[in-house]
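Novice:
In my numbering, the protein residues as written are 567 to 961.
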């Protein structure tokens with residue numbers, strides 16, 4: 567019996583609405599979390615911070631997402647999960663209001679901390695909630711729907727943010743998300759069914775998973791892959807502005823190419839996973855992403871060369887979380903809530919450390935250093951994965 571062993575909702579229409587509302591919330595969370603990537607320069611200028619410091623706005627949300635993901639299963643077990651998920655959306659709403667009106671870098675960071683709590687809490691419960699909401703044969707498709715919310719945000723948040731930020735200011739970009747989050751909250755209220763409290767899950771069970779050798783290696787590899795990706799991705803804007811010399815509109819175009827490629831990457835990797843290629847993908851995706859990252863450095867002065875590299879980068883990067891989610895469902899299927907919390911903690915910790923690492927390289931060396939450092943972490947991830955046997959659970 568799993569942590570979420572309850573009957574799925576009976577109404578197909580209600581089920582689709584519930585999954586759709588979760589996908590929309592995920593899209594808003596991802597948009598809010600990574601919007602600073604496309605607005606790094608104006609945020610730093612307006613709040614009198616370096617671009618490396620402004621990049622920590624992503625890192626701080628990652629830190630608090632780690633905290634939320636570690637403890638949310640314990641807290642959520644005492645309440646109707648419908649209201650737990652909605653409370654995470656309310657936290658996101660409050661965060662956006664504070665970000666849009668922040669008079670100082672300190673208040674901005676506090677607002678980003680609230681956003682981190684929302685991200686960690688919502689993502690940690692997502693997989694287990696889907697398992698609870700839908701029949702077993704619909705779980706994979708429903709998770710795919712939620713990840714399409716992720717891909718949608720990745721495709722449009724950064725380029726739209728860069729465009730609107732260049733014309734109307736970065737504060738308006740965050741303020742523009744507020745009515746969308748309100749709509750998401752209303753959709754959740756109307757569509758999410760009651761999910762009564764279940765047995766409380768102790769934090770020790772979550773950490774107990776690390777005693778499994780395949781889980782400990784898996785979480786290390788997850789961390790290295792996301793740390794490498796975000797050490798580079800967080801600082802794409804300063805790299806593209808200084809090395810490639812792009813304008814605000816050109817930056818929006820490049821980030822849109824990167825994001826749209828994520829749709830292709832998500833679709834392609836989903837098809838490949840049906841061919842039992844999971845462990846090969848987990849090995850070769852970080853290697854290919856490292857090559858694309860170094861390709862950006864190599865083609866840094868050529869606009870169309872950079873554009874091609876960003877398309878490849880976006881497709882590969884979007885494929886990674888789909889593969890790791892599939893690995894989680896396959897290898898930790900007996901404890902989806904604890905496994906989900908542990909994975910979200912690993913990912914958010916990696917985002918925090920990767921962003922900090924890249925910011926330090928940017929401020930102390932130059933704009934290409936975060937990309938090179940990120941590629942090194944991705945290659946280290948591939949070394950940890952090896953032939954994939956370390957990630958498989960021993961029967």
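Idealized CB from N, CA, C, for every residue including glycine.
Would you kindly check if the distance between the Cβ of residue 690 and the Cβ of residue 771 is under 7 Å?
Specialist: It is not a contact, given that the beta carbons lie outside the stated cut-off.
Novice: Residue 724 and residue 604 - do their beta-carbons sit closer together than 7 Å?
Specialist: In contact: residue 604 and residue 724 (Cβ atoms closer than 7 Å).
Novice: May I have the straight-line CA-CA distance separating residue 763 from residue 687, to the nearest angstrom?
Specialist: Approximately 16 Å, taken between the alpha carbons.
Novice: My assumption, with CB atoms under 8 Å, is that residue 878 sits in contact with residue 797. Please give the rounded CB distance.
Specialist: About 18 Å separates the two Cβ atoms, so there is no contact after all.
Novice: Tell me which residue opens and which closes the alpha helix (DSSP H) that residue 756 is part of.
Specialist: Taken as a continuous stretch (DSSP letters only), the alpha helix (DSSP H) holding residue 756 covers 736-757.
Novice: Among 596, 940, 954 and 900, which residue has its Cα nearest to the Cα of residue 722?
Specialist: Comparing Cα-Cα distances from residue 722 to each of 596, 940, 954 and 900, the minimum goes to 596.
Novice: Helix, strand or coil, according to DSSP, for residue 898 in the structure here?
Specialist: In the structure shown, residue 898 sits in coil (DSSP, three-state: anything other than H, G, I, E or B).
Novice: Mapping DSSP to helix, strand and coil, what is residue 701?
Specialist: If DSSP states are grouped into helix, strand and coil, residue 701 belongs with coil.
Novice: Starting from residue 612, trace the alpha helix (DSSP H) both ways and give me its first and last residue.
Specialist: Element bounds for residue 612: 606-612.
Novice: Can you tell me where the alpha helix (DSSP H) with residue 760 in it begins and where it stops?
Specialist: Where residue 760 is concerned, there is no enclosing alpha helix (DSSP H), given that its DSSP letter is neither H nor E.
Novice: With residue 780 as the anchor, note down where its alpha helix (DSSP H) starts and where it stops.
Specialist: That run of the alpha helix (DSSP H) goes 779-799.
Novice: For residue 890, count neighbouring C-beta atoms within 10 Å of its own C-beta (all shown protein chains included) and say buried if the count is 16 or more, exposed if not.
Specialist: When all chains shown are included, residue 890 counts as buried.
Novice: Could you tell me whether the region 736-748 touches the region 864-872, where touching means 3 or more Cβ pairs closer than 8 Å?
Specialist: Short answer: they don't touch.
Novice: To the nearest angstrom, report how far apart residue 756 and residue 584 are at their CA atoms.
Specialist: Computed Cα separation, rounded: 9 Å.
Novice: Using 8 Å for Cβ pairs, my map puts residue 849 next to residue 954. What's the rounded Cβ distance?
Specialist: Correct: roughly 6 Å between the Cβ atoms.
Novice: Rounding to the nearest angstrom, what Cα-Cα distance links residue 600 and residue 933 in this structure?
Specialist: Cα to Cα, the separation comes out at about 19 Å.
Novice: For residue 641, does the three-state DSSP call read helix, strand or coil?
Specialist: Helix, per DSSP.
Novice: What is the DSSP secondary structure of residue 721, counted as helix, strand or coil?
Specialist: Residue 721: helix per DSSP, three-state reduction.
Novice: Since residue 674 contacts residue 661 with CB under 8 Å, what's their CB separation in whole angstroms?
Specialist: About 10 Å; that fails the 8 Å criterion.
Novice: Excluding five sequence neighbours on each side, which residues of the same chain lie with their C-beta closer than 8 Å to the C-beta of residue 610?
Specialist: The answer, listed in chain order, is 616, 617, 619 and 620.
Novice: Which residue from 711, 652 and 919 puts its Cα closest to that of residue 685?
Specialist: Among 711, 652 and 919, the Cα nearest to that of residue 685 belongs to 652.
Novice: Below 8 Å, can you find three or more Cβ-Cβ pairs linking the region 855-862 to the region 911-929?
Specialist: At 8 Å Cβ cutoff, the stretches do not touch.
Novice: Nearest by alpha-carbon distance to residue 591: which of 659, 880 and 750 is it?
Specialist: Answer by Cα proximity: 750.
Novice: What's the C-alpha gap between residue 816 and residue 632?
Specialist: Each residue's alpha carbon lies about 34 Å from the other.
Novice: Tell me the DSSP secondary structure of residue 662 in three-state form.
Specialist: Helix, per DSSP.
Novice: I need the boundaries of the alpha helix (DSSP H) containing residue 833, first residue and last residue.
Specialist: Per DSSP, residue 833 belongs to the alpha helix (DSSP H) from 814-839.
Novice: If residue 646 and residue 760 are in contact, beta carbons under 8 Å, what's the gap, nearest whole angstrom?
Specialist: Contact flag correct, Cβ pair sits at about 6 Å.
Novice: Smallest Cα separation from residue 608: which of 732, 712 and 664?
Specialist: Checked all of 732, 712 and 664; the closest Cα to residue 608 is 732.
Novice: Within its chain, find whatever has a CB closer than 8 Å to the CB of residue 614; leave out the 5 residues flanking it on each side and keep chain order.
Specialist: Excluding sequence neighbours, residue 614 sits near 671.
Novice: Between the region 942-957 and the region 780-787, do three or more beta carbon pairs fall short of 8 Å?
Specialist: At 8 Å Cβ cutoff, the stretches touch.
Novice: Straight-line CA distance for residue 580 to residue 683?
Specialist: So the alpha carbons of these two residues sit roughly 27 Å apart.
Novice: Taking the straight line between their C-alpha atoms, what separation do you get for residue 630 and residue 637?
Specialist: The alpha-carbon atoms of residue 630 and residue 637 are separated by roughly 11 Å.
Novice: What are the boundary residues of the alpha helix (DSSP H) that includes residue 951?
Specialist: Segment 935-951, the alpha helix (DSSP H) holding residue 951.
Novice: Grab the span of the alpha helix (DSSP H) containing residue 802 for me, first residue to last.
Specialist: Segment 802-805, the alpha helix (DSSP H) holding residue 802.
Novice: Check whether the Cβ atoms of residue 866 and residue 807 lie closer than 7 Å to each other.
Specialist: No; because the gap between Cβ atoms is not below 7 Å, this pair is not in contact.
Novice: Just curious, the alpha helix (DSSP H) that residue 960 is in, first and last residue?
Specialist: It is not in any alpha helix (DSSP H) - residue 960 carries neither H nor E in the DSSP assignment.
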